[in-house]
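Shown next, in the form of structure tokens:
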């Protein structure tokens, strides 16, 4: 789930940076831009009706006959470990926008990108959103940081469409003007468990599961949801430790209890650095558990920790880059052409896909001058968005606030992620046991 990834992603970034890895801190300058393939074909049924309706309403601020102004909020300043992880998202969005502009824009309108920095702070997030809306007069916003909850209510009140990465339940799973590129998850994972992770582990030979997590509370809630999913398919949960502080180094007791419980696989919500202590403790006891990580799909992680990660699995919302599908090829080509110094990987791909969805919304409006309310309505009627073939189909009419049941999985082999399949693995939603 993307919410749980966002909760520990900063620590994962810190882990890879501490391991001697780095990412570009170069800010992407505000410029015009746009992507490539997304044409109005493949849009939701009823798009022509939406376009006709949009033709009868006035332009919203930030849009005219030649230009659409797009705002972007990202975590650029502050802790370099956190900011360093999020920064490539800006480059990915800019590359997709640049490509679209070079293809003529959207219905003849070029897109410009105005980048704002919230430093990962909710108060700064609100101030940045206000500046983009009230001073810069952007039409809509692309957003990535978990601090987005700071401006959620304000942006809903202003009727601003927001596209991006679901890094917190509020606003992404709650507010109707927010559209996560891969769909939102459940607002409360513990109350909306799914079987996906448990079924995947069971299919890969796990007969008794261990769960490891720690603060913040939402990460713990995801582990509890995993426990419910496992129990619903008859997979025992032999051991749980859901109160592990970040940076914990001694897992001797946990490993002994895991061994005594007969657990032969684990799912962890821990950051990559803390999880290394767990993996080393397993190795010291001569145990090789089947591990599943909900965060850490990053070449820097496997380069730094490949020795302890061999055979373990990572999940992603999007098709792994290693599949090199046509959508991946277009993303890589855009990055090479427009953002050649930016990191190829999870965050820049998320930025690219977020901009792709933003552009899709404009395409659904047809030639009419963009109106925010009509844009939101058009995306709410989009039933089959696949992010250039890199995502399981997302139905924005029904998906918001519901748990995601499909993920892609990759296994660490050597210093590479090897996709388990070119198709997503899907479980099902279940009712929590009382």
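Numbering (the numbering used here), first residue to last: 1027 to 1460. Quick reminder that beta carbons are idealized off the backbone N, C-alpha and C, glycines included. Note that the structure is a prediction, hence the values are computed from the model and not measured.
Across which residues does DSSP place residue i in a beta bridge pair?
i, result
"residue 1199", "Answer is none; residue 1199 lacks a bridge partner."
"residue 1476", "Coverage of the chain is limited to positions 1027 through 1460, which leaves residue 1476 absent and any answer about it impossible."
"residue 1294", "1238, 1319"
"residue 1442", "1439"
"residue 1089", "1094"
"residue 1266", "1237"
"residue 1169", "1099, 1190"
"residue 1420", "1411"
"residue 1083", "Bridge partners of residue 1083: none, in fact."
"residue 1427", "1212"
"residue 1132", "1135"
Terminal residues of the continuous beta strand (DSSP E) containing residue i?
i, result
"residue 1100", "1093 to 1100"
"residue 1436", "1432 to 1439"
"residue 1137", "1136 to 1143"
"residue 1205", "1204 to 1206"
"residue 1164", "Segment: none, residue 1164 is in no beta strand (DSSP E) and carries neither H nor E."
"residue 1190", "1188 to 1190"
Quick one: residues in its chain with C-beta nearer than 6 Å to the C-beta of residue i, no 5 flanking neighbours on either side, listed in chain order?
i, result
"residue 1224", "1255, 1256, 1259, 1261"
"residue 1419", "1410, 1412"
"residue 1069", "Interpretation of residue 1069 is limited by its pLDDT of 38, a score under 50 that renders its predicted location unreliable; the figure taken from the coordinates is listed afterwards. Excluding residues within five positions, the ones whose Cβ falls inside 6 Å are 1390."
"residue 1434", "1342, 1345, 1346, 1450"
"residue 1354", "1347"
"residue 1216", "1247, 1250, 1251"
"residue 1162", "1140"
"residue 1239", "1245, 1246, 1249, 1268, 1295"
"residue 1117", "1054, 1365, 1368, 1374"
"residue 1448", "1349"
"residue 1067", "Note that residue 1067 scores a pLDDT of 33, beneath 50, so its modelled location is shaky; the value from the coordinates is reported in the next line. Within the same chain, residue 1067 has no close Cβ partners at all."
Can you give me the start and stop residues for the alpha helix (DSSP H) that residue i sits inside?
i, result
"residue 1182", "1178 to 1184"
"residue 1117", "1114 to 1128"
"residue 1153", "1148 to 1156"
"residue 1281", "1278 to 1287"
Report, in whole angstroms, the separation of the C-beta atoms of residue i and residue j, which I expect to be a contact under 8 Å.
i, j, result
"residue 1308", "residue 1437", "With 8 Å as the limit, residue 1308 and residue 1437 do not qualify as a contact, their Cβ atoms being about 17 Å apart."
"residue 1092", "residue 1135", "6 Å"
"residue 1155", "residue 1099", "7 Å"
"residue 1401", "residue 1417", "Wrong, their Cβ atoms sit about 20 Å apart, outside the cutoff."
"residue 1141", "residue 1166", "With a Cβ gap of about 14 Å, residue 1141 and residue 1166 do not count as contacting."
"residue 1274", "residue 1317", "In fact, because the Cβ distance is near 16 Å, the residues do not count as touching under 8 Å."
"residue 1103", "residue 1130", "The pair is not a contact, with the Cβ atoms about 35 Å apart (cut-off 8 Å)."
"residue 1119", "residue 1377", "4 Å"
"residue 1272", "residue 1300", "6 Å"
"residue 1279", "residue 1265", "Their Cβ separation, rounded to whole angstroms, is 11 Å, which puts residue 1279 and residue 1265 out of contact at 8 Å."
"residue 1385", "residue 1126", "6 Å"
"residue 1415", "residue 1352", "6 Å"
"residue 1094", "residue 1388", "6 Å"
"residue 1395", "residue 1090", "7 Å"
"residue 1383", "residue 1205", "6 Å"
"residue 1458", "residue 1087", "Not quite, the Cβ-Cβ distance comes to about 44 Å (not below 8 Å), so this is no contact."
"residue 1425", "residue 1231", "Going by Cβ atoms, the distance from residue 1425 to residue 1231 rounds to 32 Å, so no, they are not a contact pair."
Cutting at 8 Å between CB atoms, please list the residues of its own chain near residue i, excluding the five before and the five after it.
i, result
"residue 1406", "1202, 1422, 1423"
"residue 1469", "One cannot answer for residue 1469 here, as it falls past the ends of the chain, which runs 1027 to 1460."
"residue 1158", "1097, 1099, 1140, 1142, 1164, 1167"
"residue 1444", "1348, 1436, 1437, 1438"
"residue 1315", "1236, 1284, 1289, 1290, 1291, 1292, 1308"
"residue 1115", "1100, 1170, 1191, 1373, 1374, 1376, 1377, 1380"
"residue 1132", "1060, 1094, 1126, 1385, 1388, 1389"
Leaving aside the five residues before and after residue i along the sequence, list all residues of the same chain whose C-beta is less than 7 Å from its C-beta, in chain order.
i, result
"residue 1084", "1397"
"residue 1263", "1235, 1237, 1253, 1256, 1257"
"residue 1441", "1328, 1329, 1332"
"residue 1221", "1255, 1258, 1259, 1453, 1454, 1456"
"residue 1325", "1371"
"residue 1207", "1189, 1190, 1191, 1376, 1379, 1380, 1383, 1413"
"residue 1109", "1101, 1102, 1103"
"residue 1185", "1203, 1398, 1399"
"residue 1357", "1375, 1378"
"residue 1149", "1176"
Do we get a CB-CB distance below 9 Å when we pair residue i with the residues of chain C?
i, result
"residue 1129", "Protein chains in the displayed structure number just one, and chain C is not present."
Taking 8 Å as the cut-off, does the CB of residue i come closer than this to any heavy atom belonging to the ligand MG?
i, result
"residue 1258", "Ligands are entirely absent from the displayed structure, and the ligand MG is therefore not among its contents."
- Task: Can you check the stretch 1208 to 1262 for any alpha helix (DSSP H) of at least 4 residues that lies completely inside it and give the ranges in chain order?
- Result: Inside the stretch 1208 to 1262, DSSP marks whole alpha helix (DSSP H) runs of 4 or more residues at positions 1222 to 1229, 1243 to 1258, from first to last along the chain.
- Task: Could you pull out every unbroken alpha helix (DSSP H) segment of at least 4 residues lying fully inside the stretch 1329 to 1408, listed in chain order?
- Result: Taking only runs of at least 4 residues, the alpha helix (DSSP H) segments lying wholly in the stretch 1329 to 1408 are 1352 to 1364, 1372 to 1390, 1398 to 1406.
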